[in-house]
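Structure, as structure tokens:
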Amino acid sequence: EEISKLTHAVRMAEDEVIKEYKGIKKARLALAMSFAAARFCMSLCK
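Numbering (my numbering), first residue to last: 1386 to 1431.
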């Protein structure tokens, strides 16, 4: 339950951040990598 809430929060944050950084490719790539890493860690915790 907690993990799914956390996953949802990360996804929502990711969507917001990507909207903000539409013009900046390198920043988007770095953010995408960090969110992917966060999701990977959460999947390991399940």
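All C-beta atoms, glycine included, are put in the ideal place defined by N, C-alpha and C.
Just so it is clear, the structure is predicted and the values come from calculations on it, not from any experiment.
- Is glutamate 1386 helix, strand or coil by DSSP? coil
- Query: Quick one, are the C-beta atoms of glutamate 1386 and phenylalanine 1420 less than 7 angstroms apart?
  - Reply: no
- Message: Assuming contact is defined by CB atoms lying nearer than 7 angstroms, are isoleucine 1388 and methionine 1427 in contact in what I supplied?
- Response: yes
- Assuming alanine 1423 and valine 1395 form a contact by the criterion Cβ under 8 angstroms, report the distance between their Cβ atoms to the nearest whole angstrom. 6 angstroms
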